[in-house]
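Asks: To start, I am sharing the structure in question, which I have written as structure tokens.
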Amino acid sequence: MTESNMKKRALTGNQAIARGFYEAGGVVASSYPGSPTVEIIESSKAYEDVYSEFSTNEKVALEVGLGASFNGSRALVAMKHVGINIAFDPLMTFTQTPIAGGFLLVTGDDPGLASSQNEQDNRVLGKFANMCILDPSDSQEAKNYTKIALDISEEFSIPMMLRITSRLCHSRSVVTEEDRINKKAIGMDVKSENYCMIPPLSRKAQYFMKERLERLKEYAYDTELNILDLKEGTDTLIITSGLMYNNLKELDPPVSIWKLGMIYPISTKRALEISKKFKKVIVLEEMTPFIENELKLMGIKCEGQKYFSFTGELDVEDIEHGLNDAGILKNQGNDKKGFVETVPRFPVFCTGCPHRPTFDILKKSKVKILIGDIGCYSLAFLPPFEKSNSIISMGASIGISKGLRKAMSKNNSKDPIVTVIGDGTFFHSGLPGFVNLLHQKKEDENITIIILDNRTTAMTGGQHNGSSGLYNKNDDMKIGIKTLLDTMGFDRVKEINQYNYKSAKKLFEEEISHEGLSIIVANGPCALKYNMEKPYFYVDPEICISCRSCIRTGCPPLRMVKYEGIEKLKSSIDNDMCVGCSVCAQVCPVNAIKQSEKTQKEAEKSDN
Ligand SMILES: Cc1ncc(C[n+]2csc(CCOP(=O)(O)OP(=O)(O)O)c2C)c(N)n1
Ligand code: SF4
Ligand code: SF4
Ligand code: SF4
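In this text, residue positions in the sequence shown follow the working numbering: the first is 12, and each later residue adds one.
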């Protein structure tokens, strides 16, 4: 490598992984959007030699990667931690097969649940799936480990897991870029039975996996991925990995450190050799005591979880506290430094969001049971709407509604159930639930499903999905949800633009009171993704009766203000923010909210 083809850049962990895959001669990168790994595929788009896609869901993304690997081409599949649950079925079988093209599964774990419905530790799943797991501590390592992982995958015929956490995904550090290596794919070996996992081949595969793990343990003995940092005059060893290593280094404690880059499998021989030199062994890791338990299984006396929280991120101060409790640091870190108190604020729908009219109508309706799902519309659980009784996992709302309905019917309850699901979630994993609804359907079982078809997967940043092409001409996915459901045999599917508040309200009421299954496709597009910009609205304070009906929609430009010469507070709209969706005007009982003739931008232009 010459200096001229090496370039230093500050990259996020996600960008570094995309870069590493490119440099490693990677060919197919697939994913399903979800924080914190979205940016890996978005960054991969910059590399023409790499085919990249956001697939319909994580299982499909994984299968796309498997196909590429079967061809002998290098494949990367990235997903948020819960995505692995969706992809686990093909993964658990693929992991029994030999590998042709290097295969890397990137899991973005989310300690602290910054943007997730749970806090699962996928190191546990990686071990369960018989994978080898690497844990980088900064962007340079994220890039290097991506490349090394693909090499190990091919050498040991094993699917690899790169386990990263939200903070590493999104924080930047300097990375040295190198050239791409070119790897020629051998093509799919059609004579081989390797990928036909039925007995007796799958039985044989159990021995193959066991032997593979043994060989990897030998590799782990002296791999350069694990670094022993010895300090003179200490009888304490801290074993750690990933981001925790850098946090620990900031404290510079009087201990030796064994930093693991390869966290599974760990060489028993090496771990015993190292740990026996120390009186005290402490394991520093976020979430579950994964490494700690591995060491305990080897018979190594160590402690870890008892000093650090089992949940959330561990920052430098948290580690300082833990090491204080362990007697390693003296009288430090009793208080969280630099802690600034902030006013808690709930997240709300964006200005002009198409979900707002739907939930305003539902809040005012008599519906008692609302089964929610995962997407921007999950925010309806929070003020001002507080209208959701269940949010479990993507697509779960449909099966839950059916089970709930059947159970309520056995209890002779006829209370209507309303269910909401977004278009992204519909295509991701909602569809099988819809097929199941057609089975043993009874005419008097009232469920109203509202599909919030905003033509994008909005919550994760507006990626495309099956129906995006209906609104965006450049997209090749143009599946009409209503046509699909009609064709499947649903006999009561209606469509509405929910920005037409009065018509939507009437339709919702009709369908909710209908005894039986009805489906409404509410097709207002996402205001943020599709850049809604219509002439803004304003309030005539002389007409406003201060009823706050508009304010209760929670649209950010609306507030109550004091107008000169008027005693009572009246509503007002910040016209810099208003995108002209008209919902507030439609809920005003006295027509006090009017539309201007121009958008704010046009108004500013003509003023100049
Ligand atoms: C299994 C899984 N994969 C990915 C995610 C990340 N995620 C959260 S919401 C969401 C998109 C929902 O899209 P949609 O249903 O269309 O609702 P919108 O956000 O557009 O309102 C995704 C992909 C997740 N929570 N679970
Ligand atoms: S991103 Fe789109 S769907 Fe999500 S809250 Fe904003 S406008 Fe609504
Ligand atoms: S018209 Fe009203 S509800 Fe719509 S964006 Fe403007 S302020 Fe918000
Ligand atoms: S809904 Fe109409 S009357 Fe009520 S506060 Fe808003 S502008 Fe005033």
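The beta carbon of each residue, even a glycine, is placed where N, CA and C say it ideally should be. Computed from a predicted model, the values in this text were never measured in an experiment.
1. In its own chain, which residues sit with a C-beta less than 8 Å from the C-beta of Ser-15, not counting the 5 before and 5 after it?
2. Does ligand 4 have even one heavy atom less than 7 Å from the beta-carbon of Pro-300?
3. Could you tell me whether the Cβ atoms of Ala-231 and Gly-83 are closer together than 8 Å?
4. Helix or strand or just coil, what does DSSP make of Gly-112?
5. Any contact of the stretch 122–134 with the stretch 42–61, i.e. 3+ C-beta pairs under 8 Å?
6. Mapping DSSP to helix, strand and coil, what is Met-172?
7. Taking 8 Å as the CB-CB limit, is Thr-187 close to chain B?
8. If you compare alpha carbons, which of Ser-617, Leu-569, Asn-586 is closest to Cys-595?
9. Quick check: is any heavy atom of ligand 3 less than 7 Å from the C-beta of Tyr-230?
10. Excluding five sequence neighbours on each side, which residues of the same chain lie with their C-beta closer than 8 Å to the C-beta of Arg-559?
11. Out of Glu-613, Lys-516, Asp-486, state which residue places its alpha-carbon closest to the alpha-carbon of Pro-546.
12. Residues in its own chain within less than 6 Å of Ile-268 by CB, not counting five upstream and five downstream?
13. Given 8 Å as the limit, is there contact between the stretch 471–487 and the stretch 393–413, that is, 3 or more CB pairs closer than that?
14. Within 10 angstroms of its Cβ, does Phe-437 collect 16 or more other Cβ (buried), or is it exposed?
15. Which first and last residues belong to the beta strand (DSSP E) in which Asp-336 is found?
16. I'd like the span of the beta strand (DSSP E) that includes Asp-486, first residue to last.
17. How would you call Cys-207, buried or exposed, if buried means at least 16 neighbouring beta carbons within 10 angstroms?
18. Taking the beta carbon of Lys-270 as the centre, do at least 16 other beta carbons fall within 10 Å, making it buried, or is it exposed?
19. For ligand 4, I want to know if Val-594 counts as a neighbour, meaning its beta carbon is within less than 7 Å of at least one of the ligand's heavy atoms.
20. So, with DSSP's three-state summary, where would you put Lys-312?
21. How is the alpha helix (DSSP H) around Ala-79 delimited, first residue to last?
22. In whole angstroms, what is the alpha-carbon distance linking Ile-523 and Leu-306?
23. Are the stretch 73–81 and the stretch 99–108 touching, with three or more C-beta to C-beta distances below 8 Å?
24. Taking Gln-606 as part of the beta strand (DSSP E), name the residues at either end of that continuous run.
25. In the DSSP assignment, find the unbroken beta strand (DSSP E) run with Glu-188 in it and report its ends.
26. Between which residues of its own chain and Ile-168 is the CB-CB distance below 7 Å, once the five residues before and five after are set aside?
27. Report the option in Asn-257, Pro-443, Pro-264, Ser-252 whose CA atom is closest to the CA atom of Pro-300.
28. What first and last residue would you give for the beta strand (DSSP E) that runs through Ile-380?
29. Please return the same chain residues whose Cβ sits closer than 7 Å to the Cβ of Arg-183, not counting the five positions on each side in sequence.
30. Could you tell me the distance, in whole angstroms, from the CA atom of Val-185 to the CA atom of Lys-18?
31. Can you name the residues that DSSP bridges to Gly-433?
32. Contact between the stretch 461–478 and the stretch 529–549 is defined here as three or more beta-carbon pairs at a separation below 8 Å; is this criterion met?
33. Rounded to whole angstroms, what is the Cα-Cα separation between Ser-55 and Asn-25?
34. Which two residues bound the contiguous beta strand (DSSP E) that contains Asp-240?
35. Just the Cα atoms here: how many angstroms apart are Ile-159 and Pro-365?
36. For Val-88, tell me which candidate among Phe-139, Lys-453, Ile-28 has the shortest Cα-Cα distance.
Replies: Taking the geometry as given:
1. As a position in the sequence shown, residue 15 is number 4, starting the count at 1. Because the pLDDT at Ser-15 is just 45, under 50, the model does not fix this residue reliably, and the value given afterwards should be weighed accordingly. Contacts found: none.
2. As a first step, residue 300 is located in the sequence shown; it is residue number 289 there, counting from the start. No.
3. In the sequence shown, counting from the first residue as 1, residue 231 sits at position 220. In the sequence shown, counting from the first residue as 1, residue 83 sits at position 72. Against a cut-off of 8 Å, the Cβ pair of Gly-83 and Ala-231 comes out as no contact.
4. Mapped onto the sequence shown, residue 112 falls at position 101. If DSSP states are grouped into helix, strand and coil, Gly-112 belongs with coil.
5. yes
6. By 1-based counting over the sequence shown, the position of residue 172 is 161. The answer is strand: DSSP assigns Met-172 an E or B state.
7. Any reference to chain B falls outside this structure, which holds one protein chain only.
8. In the sequence shown, the residue the question calls residue 595 occupies position 584. Here the closest residue by C-alpha is Leu-569.
9. As a working note, residue 230 is residue 219 in the sequence shown. No, Cβ of Tyr-230 sits at least 7 Å from all heavy atoms of ligand 3.
10. The residue given as residue 559 occupies position 548 in the sequence shown. Same-chain partners within the cutoff: Met-571, Ser-582.
11. Indexing the sequence shown from 1 puts residue 546 at position 535. Among Glu-613, Lys-516, Asp-486, the Cα nearest to that of Pro-546 is on Glu-613.
12. Reading the sequence shown from its first residue, position 257 is the one you call residue 268. Only Asp-240, Ile-249 meet the Cβ criterion.
13. no
14. Position 426 of the sequence shown holds residue 437. Buried.
15. By one-based count along the sequence shown, residue 336 stands at place 325. Per DSSP, Asp-336 belongs to no beta strand (DSSP E); it is in the alpha helix (DSSP H), 327–336.
16. Mapped onto the sequence shown, residue 486 falls at position 475. Segment: none, Asp-486 is in no beta strand (DSSP E) and carries neither H nor E.
17. Reading the sequence shown from its first residue, position 196 is the one you call residue 207. Cys-207 comes out exposed.
18. Along the sequence shown, one-based indexing puts residue 270 at 259. Its Cβ being crowded by 16 or more others within 10 Å, Lys-270 is buried.
19. Residue numbering aside, residue 594 sits at position 583 when the sequence shown is read from its first letter. Not under cutoff, so the answer is no.
20. Counting from 1 along the sequence shown, the entry for residue 312 is found at position 301. Coil, per DSSP.
21. For the purposes of this step, residue 79 is identified with residue 68 of the sequence shown, where counting begins at 1. Run containing Ala-79: 69–81, per the alpha helix (DSSP H) assignment.
22. For this step, residue 523 is matched to residue 512 along the sequence shown. For this step, residue 306 is matched to residue 295 along the sequence shown. Between Ile-523 and Leu-306, the C-alpha separation is close to 57 Å.
23. yes
24. Walking along the sequence shown from the start, residue 606 turns up at place 595. Note, Gln-606: beta strand (DSSP E), 604–606.
25. Along the sequence shown, one-based indexing puts residue 188 at 177. Counting along the chain, the beta strand (DSSP E) containing Glu-188 begins and ends at 183–188.
26. The sequence position of residue 168 within the sequence shown is 157, counting from 1. Before going on, a small fix: residue 168 reads as Ser here, not Ile. Hits under 7 Å: Pro-109, Ile-110, Arg-223.
27. Within the sequence shown, residue 300 is the residue found at index 289, counting from 1. Taking only the C-alpha atoms, the option nearest Pro-300 is Ser-252.
28. Residue mapping note: residue 380 aligns to position 369 of the sequence shown, counting from 1. Residues 380–382.
29. What you label residue 183 is simply residue 172 of the sequence shown in a count that begins at 1. Excluding sequence neighbours, Arg-183 sits near Ala-21, Leu-22, Thr-23, Ser-150.
30. Counting from 1 along the sequence shown, the entry for residue 185 is found at position 174. Counting from 1 along the sequence shown, the entry for residue 18 is found at position 7. Rounded to the nearest angstrom, the two C-alpha atoms are 10 Å apart.
31. Taking the sequence shown and counting its residues from 1, the one referred to as residue 433 is at position 422. In the DSSP output, where bridge partners are listed per residue, Gly-433 has Leu-463.
32. yes
33. Taking the first residue of the sequence shown as position 1, residue 55 is located at position 44. Taking the first residue of the sequence shown as position 1, residue 25 is located at position 14. Distance between the alpha carbons of Ser-55 and Asn-25 is about 10 Å.
34. Along the sequence shown, read from residue 1 onward, the residue named residue 240 stands at position 229. Asp-240 -> beta strand (DSSP E) spans 238–240.
35. The residue given as residue 159 occupies position 148 in the sequence shown. The residue given as residue 365 occupies position 354 in the sequence shown. Each residue's alpha carbon lies about 45 Å from the other.
36. To locate residue 88, count along the sequence shown from 1; it is residue 77. It is Ile-28 whose Cα lies nearest to the Cα of Val-88.
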